[in-house]
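Novice: Can you keep this structure in mind? I'll have questions shortly.
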Amino acid sequence: MEETVSTIHLLADDVVNRIAAGEVVERPASVVKELVENSLDAGADFIEISMNEGGVARISVEDNGSGIAPGDVPLALMRHATSKINTADDIYSINSYGFRGEALASIASVSKLRITSSTGKMDPFFMEFEGGTHTQTGMAARNRGTGIECRDLFFNMPARLKFLKTPQTENSHVQDTVLRFALARHDVHFRFVLDSRIVLDFPKDTDRFQRIKTVLARRGRGSLLTEPASHELSVDGTYVYAICAPPDVSLRDSGGLYIFVNGRPIRDRVLMKAITGGYGSLLDHGRYPLCVVFITLPPQDLDVNVHPQKTEVRFKNERIVTGTVRRCITDCVTSVKLKLTEGSPVYEIEETGGNPQNTVMERIAKTLSEARDKQLSGGFSSGKPKSFSPGQTSGSFTYKLNSSEGSSTGPSQSPVSSKLPEVKFSEYKGEPVPLLFETERDYFSDFRYLGCHGGLFLLYSSRGKLLVMDMHAAHERIRYNDLMTQWNSRKMVATQLLLPHKMTVSPEQIEIIEKTKDELLQLGMEIEIFGTDVIILRSYPAVLNDPKLDDLIHDVISELETGGTGSEMGSRIPSIIATMACHSARRKGDTITHQEAMILLKRIQEVETGGFCPHGRPVSYFISDAELETRFKRR
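Take this note's numbering: the last position of the sequence shown gets the number 1066, and nothing is skipped along the way.
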């Protein structure tokens, strides 16, 4: 019988170390995360991170913690050597950031590492390693604490280098990591130095709320936290502290959700669902809130040994944790006072029991009564209305400035075709949205405008019918059709900003902008990347008139994130343009004059797909006199 040659063999230690390093050290930001966690575990209250060339050339983390004894360093670089736990039972009562004993060993195996440390009781020293192998030891000069310098990351894994992004993108990911630590630990001074320039500096702060506002401002979210609310709740040992933006402030993705469990930043779908559930119906479908949530619970009720990077956790009693989070968010959100634009009609109607349909009819009846009392020849609006140009038809693409915008100092409009790069897009051939109502073109000619209910619903009357129109949905549909017509004819007109708009964005958004700058330019948005977390907007589509630029850019980038570039992006164009239209449309609380309301009605009649907004919500709803009489028991 012929012997079978064995093909199974043990891997060499350096190969094992590199494989294990792949789980822990994904990119420069992973190195920073692990080293900062070590500094925090050492009791440091000052941590400085510095790097060059995206972290590949050099990463350095300096702290004022307890330091490392010279005899402990060789052990610290051995896999599964740690000072955090002793027995298997300790894994389920973790009080530190690190415990696996893998970080330093993994980092050392794929870089050239230098450790400098002092405990304050022994002479400072340094040790150097290359690919995990000790090369040199000597005396050093430094104060109490530890400094770890990592050079030539992945020098012995060239294939791994190919998966890294540009230095600018990697810088942004490191900056995001530092910002999350700064959110979690307001009692620690964090400083981030990039290519010898200080880009982040957060001194120790006794006020956690103030630290959160400062950090979010650096992530481009500061403007959304102008009137936040905070709330804390403790149930059965689970303590939750939340800071929430008002419900009318929302994002298209979950990038505004910051969750910390026992001081550790994590990503957890169940907790995200609990947070959005806490907002309830106050949050529009498909939107995410801006919210910072801190959860504290006994270590034995938490399992952090789920993922090598420790970004996922499991709860011993998930129901109590999620329930407490949801209730805390609900209490927090309901304490936020939503403000509508001054001058917009707001009717406070006491909620009563009974049939919800009857309640709606009572509200309509009350609104009609008030409309008659006010003699609505000019509508409800008072004060200066927001600029509004519904008269722009889909057949005319020359942007017309309002009279108040016609000065020479205002933004200028120009076709973007002269500077467009050669980018091929597939023509969008989507299914037309059906009309909500079949009408003749002059059907609305004898409708009378009655007024606006709740700052959103426009009321018209004619031919034995009451027409209720969603102002935002109608205006959004008109803007969308105008933009799509311009896009299909390649006649997008852009507003050139006299003073370019500067804003802060996240690392993920920087990466998306890098990939899609040409496509954004096709859409009339000229964006320039400036630094690690700042972009400059130089133009936007002229038909948008006066959008909220920060919100517009955040949402457009979120749409781009789910699509591709070049021809792959063609199918995303309708969604992106729908986002643009949404941001430029009239919103709840905006004032509208009698003339504007009638123009809006005329324009929506001219739109072939005017029955629904681009996101599928109905624009109008008819209520017949017969239905009203039935509701009020008159027939």
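Idealized CB from N, CA, C, for every residue including glycine. Every value quoted in this text rests on a predicted model; they were computed, and no experiment measured them.
If you reduce the DSSP assignment to three classes, tell me which class Asp762 lands in.
Specialist: If DSSP states are grouped into helix, strand and coil, Asp762 belongs with the helices.
Novice: Would you report the Cα separation of Ala539 and Ser603, rounded to the nearest angstrom?
Specialist: Near 23 Å, if we compare the C-alpha coordinates of Ser603 and Ala539.
Novice: Measure how close the beta-carbons of Val1050 and Asp877 come, nearest whole angstrom, since I'm counting them as under 8 Å.
Specialist: So it is not a contact: roughly 20 Å between Cβ atoms.
Novice: Compare the C-alpha of Thr727 against each of Thr1022, Val752 and Glu959 and name the closest.
Specialist: The candidate whose alpha carbon is nearest that of Thr727 is Val752.
Novice: Taking the DSSP output, what are the residues bridged to Glu959?
Specialist: For Glu959, which the question treats as bridged, DSSP gives the partners Ile967.
Novice: For Ala1067, which three-state DSSP category applies?
Specialist: A query on residue 1067 cannot be resolved here, the shown segment of the chain reaching from 432 to 1066 and no further.
Novice: Do Ser1055 and Gly895 count as a contact pair if the criterion is CB distance below 8 Å?
Specialist: Yes. Within cutoff.
Novice: Express the C-alpha separation of Lys593 and Arg1034 in angstroms, rounding to a whole number.
Specialist: Going from the Cα of Arg1034 to the Cα of Lys593 covers about 53 Å.
Novice: Rounded to the nearest angstrom, what separates Leu614 and Arg642 at their Cα positions?
Specialist: Approximately 7 Å, taken between the alpha carbons.
Novice: Quick check on the burial criterion: 16 or more other C-beta atoms within 10 angstroms. Buried or exposed for Tyr1052?
Specialist: By the neighbour-count rule (16 or more Cβ atoms within 10 Å), Tyr1052 is not buried but exposed.
Novice: Buried or exposed: which applies to Glu957, given that a residue is buried once 16 or more other Cβ atoms fall within 10 Å of its Cβ?
Specialist: The residue in question, Glu957, is buried, as its Cβ has 16 or more Cβ neighbours within 10 Å.
Novice: Check whether the region 567-574 and the region 605-614 touch, using three or more Cβ-Cβ pairs below 8 Å as the test.
Specialist: Touching, no.
Novice: Gln423 to Thr600, Cα distance in whole Å?
Specialist: Nothing can be reported for residue 423: it is not among the residues displayed for the chain, which extend from 432 to 1066.
Novice: Can you check DSSP and say which residues form a bridge with Tyr891?
Specialist: BP columns for Tyr891 point to Tyr880 and Leu898.
Novice: Just tell me which of Ile480, Thr564 and Asp554 has its CA closest to the CA of Ala507.
Specialist: Comparing Cα-Cα distances from Ala507 to each of Ile480, Thr564 and Asp554, the minimum goes to Thr564.
Novice: Say whether the region 698-713 touches the region 751-766, bearing in mind that this needs 3 or more beta-carbon pairs closer than 8 Å, one atom from each stretch.
Specialist: Yes, they touch.
Novice: What runs of the beta strand (DSSP E), each 3 residues or longer, lie entirely inside the region 1031-1056?
Specialist: Listed in chain order, the complete beta strand (DSSP E) runs (minimum 3 residues) inside the region 1031-1056 are 1051-1055.
Novice: Would you call the region 497-505 and the region 543-559 touching, i.e. three or more CB-CB distances under 8 Å?
Specialist: Enough Cβ pairs lie closer than 8 Å, so yes.
Novice: Are three or more beta carbon pairs between the region 983-990 and the region 1007-1025 nearer than 8 Å?
Specialist: The answer is yes - the region 1007-1025 touches the region 983-990, with three or more Cβ pairs under 8 Å.
Novice: Could you check the C-alpha separation between Val965 and Val646 for me, to the nearest Å?
Specialist: Each residue's Cα considered, the two are about 14 Å apart.
Novice: According to DSSP, is Phe586 helix, strand or coil?
Specialist: Phe586 falls in the coil class under three-state DSSP.
Novice: Since Leu631 sits in a beta bridge, which residues does DSSP pair it with?
Specialist: Paired residues: Phe623.
Novice: Find the nearest neighbour of Thr637 within the set Gln1036, Asp618, Arg695 and Ile960, judged by alpha-carbon distance.
Specialist: Of the candidates Gln1036, Asp618, Arg695 and Ile960, the one whose C-alpha sits nearest the C-alpha of Thr637 is Asp618.
Novice: Can you have a look at Arg879 and say buried or exposed, based on whether 16 or more other CB atoms are within 10 angstroms of its CB?
Specialist: Counting Cβ neighbours within 10 Å, Arg879 comes out exposed, since fewer than 16 surround it.
Novice: Any C-beta of chain B sitting closer than 8 Å to the C-beta of His1046?
Specialist: Reference to chain B is not applicable here, since this structure consists of a single protein chain.
Novice: Which whole-angstrom value is the C-beta distance of Phe640 and Ser665, which I expect to be below 8 Å?
Specialist: Actually they do not touch by this definition, with Cβ atoms about 18 Å apart.
Novice: With a Cβ-Cβ cutoff of 8 Å, do Ser461 and Asp494 count as a contact?
Specialist: Not in contact: Ser461 and Asp494 (Cβ atoms no closer than 8 Å).
Novice: Just how far apart, CA to CA, sit Trp918 and Lys933?
Specialist: If I take the Cα positions, the gap works out to 26 Å.
Novice: Could you say which of Glu533, Ala1057, Gly576 and Ala536 lies nearest to Met553 if we only look at CA atoms?
Specialist: When each option's Cα is compared against that of Met553, the closest is Gly576.
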